[in-house]
Amino acid sequence: MPRIRIAVGCHPHNAKDYDESLEAELLRRLADPRVAALGEVGLDYHYDFSPRPVQIEVFRRQIEIAHETGLPLALHLREAHEEAFQIMNEEGFPEAGVLLHCFNLDWDTLKPWLDKGCYAAFGGSLTFKKSDDTREAARRMRLDRILTETDAPYMTPEPMRGMECGPDHVIFTAARLAEVLGCAPGPEQIDTLYKVYDNALSLLDREPTAWQREHGEVAR
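First residue of the sequence shown: 1, per my numbering; consecutive thereafter.
Encoded structure:
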């Protein structure tokens with residue numbers, strides 16, 4: 001049987017809609033033991049669909065909720081990594097872990113997060129012709145902090161660009177990642193990708209947290 005795990009959170013685009021009723025619904029859904037992470041949350045200073053002060057306020061509150069629930073944080077950060085890192089330092093990095101979703105920047109941007117024990121997930125952008133900085137960042141990472149992802153329906157990897165991205169397209173990103181990490185095709189590549197898969201299980205396929213056990217399953 002396939003195992004489905006869920007992330008639930010208020011995306012920075014929707015921070016303007018965050019209120020007491022939304023938080024109550026968020027907490028209700030986080031109590032579902034299938035929920036593996038609080039996310040995507042963070043800051044998006046590219047689109048600014050929500051005012052930046054509101055994004056910051058909602059981001060801080062959801063970090064607090066991650067601490068309360070014992071869940072990892074999955075972060076959406078765009079043109080805001082430095083400010084988000086400062087906020088995380090002030091609020092504290094959750095013991096359950098922090099995942100940088102769809103990382104597509106350089107090593108200097110990534111390293112402070114890694115020094116705090118964070119994970120980074122690489123999507124289709126890792127395969128793009130102009131993504132040498134991102135590939136260099138992946139190459140320099142500890143293997144036990146790397147994940148892959150699709151960001152479906154966006155970020156379709158080479159050689160499938162132009163199509164709508166789907167979960168099965170992760171095979172192209174994974175193959176490119178193994179190449180970036182210097183793995184020879186065959187057993188070495190397979191072993192490396194199994195380790196990346198184990199990273200995902202370790203971060204996102206845990207037993208329910210004490211908070212989830214206390215608050216029970218989400219109402220059907």
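For glycine and all other residues, C-beta sits at the position ideal for the given N, C-alpha and C.
Alpha-carbon spacing of residue i relative to residue j, whole angstroms
{"i": "Lys16", "j": "Gln189", "result": "44 angstroms"}
{"i": "Val170", "j": "Tyr197", "result": "12 angstroms"}
{"i": "Gly42", "j": "Arg213", "result": "26 angstroms"}
{"i": "Gly71", "j": "Pro94", "result": "Reading the sequence as shown, one finds Leu at residue 71 and not Gly. Answer to the nearest angstrom: the Cα atoms are 8 angstroms apart."}
{"i": "Leu203", "j": "Ala96", "result": "8 angstroms"}
{"i": "Arg220", "j": "Gln62", "result": "Unreliable positioning characterises Arg220 in this predicted model, as indicated by a pLDDT of 43, which lies under 50. The coordinate reading is nonetheless provided below. Distance between the alpha carbons of Arg220 and Gln62 is about 24 angstroms."}
{"i": "Gly117", "j": "Leu99", "result": "10 angstroms"}
{"i": "Leu110", "j": "Ala137", "result": "7 angstroms"}
{"i": "Cys102", "j": "Pro157", "result": "12 angstroms"}
{"i": "Leu75", "j": "Phe59", "result": "10 angstroms"}
{"i": "Pro53", "j": "Pro185", "result": "48 angstroms"}
{"i": "Asp19", "j": "Glu25", "result": "10 angstroms"}
{"i": "Pro12", "j": "Asn199", "result": "26 angstroms"}
{"i": "Cys183", "j": "Leu193", "result": "10 angstroms"}
{"i": "Ile6", "j": "Pro208", "result": "12 angstroms"}
Distance between beta carbons of residue j and residue i, contact taken as under 8 angstroms
{"i": "Ala120", "j": "Ile146", "result": "7 angstroms"}
{"i": "Thr150", "j": "Cys165", "result": "5 angstroms"}
{"i": "Asp106", "j": "Asp133", "result": "4 angstroms"}
{"i": "Trp211", "j": "Glu68", "result": "6 angstroms"}
{"i": "Arg139", "j": "Leu73", "result": "That belief does not hold up - the Cβ atoms of Arg139 and Leu73 are roughly 25 angstroms apart, past 8 angstroms."}
{"i": "Asp205", "j": "Arg3", "result": "7 angstroms"}
Reference residue i; option with closest CA among the options
{"i": "Gln86", "options": "Asp151, Ser202, Ile56 and Leu99", "result": "Ile56"}
{"i": "Gly123", "options": "Asp108, Met88, Pro167 and Glu90", "result": "Pro167"}
{"i": "His215", "options": "Leu27, Ala7 and His67", "result": "Leu27"}
{"i": "Gly39", "options": "Met160, Leu77, Arg140 and Pro112", "result": "Leu77"}
{"i": "Glu79", "options": "His46, Ala210 and Pro53", "result": "His46"}
{"i": "Arg161", "options": "Leu126, Gly186, Ala178 and Leu143", "result": "Leu126"}
{"i": "Lys130", "options": "Asn104, Ala152, Tyr154 and Trp113", "result": "Asn104"}
{"i": "Arg29", "options": "Asp191, Ile65 and Leu201", "result": "Ile65"}
{"i": "Glu23", "options": "Ala178, Glu82, Val8 and Arg34", "result": "Val8"}
{"i": "Pro112", "options": "Glu83, Phe128 and Arg135", "result": "Glu83"}
{"i": "Met141", "options": "Leu177, Phe172 and Phe49", "result": "Leu177"}
The alpha helix (DSSP H) enclosing residue i, as first and last residue numbers
{"i": "Leu105", "result": "From DSSP, Leu105 is part of no alpha helix (DSSP H); its letter is neither H nor E."}
{"i": "Ile65", "result": "Arg52 to Thr69"}
{"i": "Asp198", "result": "Pro187 to Leu204"}
{"i": "Glu82", "result": "His81 to Glu91"}
{"i": "Ala184", "result": "Looking at the DSSP string, Ala184 is not in any alpha helix (DSSP H), and its letter there is neither H nor E."}
{"i": "Arg142", "result": "Here Arg142 belongs to no alpha helix (DSSP H), and DSSP marks it neither H nor E."}
{"i": "Glu214", "result": "Ala210 to His215"}
Boundaries of the beta strand (DSSP E) in which residue i is found, first to last residue
{"i": "Leu73", "result": "Leu73 to Arg78"}
{"i": "Phe128", "result": "Here Phe128 belongs to no beta strand (DSSP E), and DSSP marks it neither H nor E."}
{"i": "Leu100", "result": "Val98 to Leu100"}
Report the residue ranges of all alpha helix (DSSP H) runs contained in full by the region 145-181; include only those spanning at least 4 residues, in chain order. For secondary structure counted as the alpha helix (DSSP H) over 4 or more consecutive residues, the region 145-181 holds these complete runs in sequence order: 170-180.
Those runs of the beta strand (DSSP E) which lie wholly inside the region 4-52 and span at least 3 residues:
Runs found: 6-8 and 35-44.
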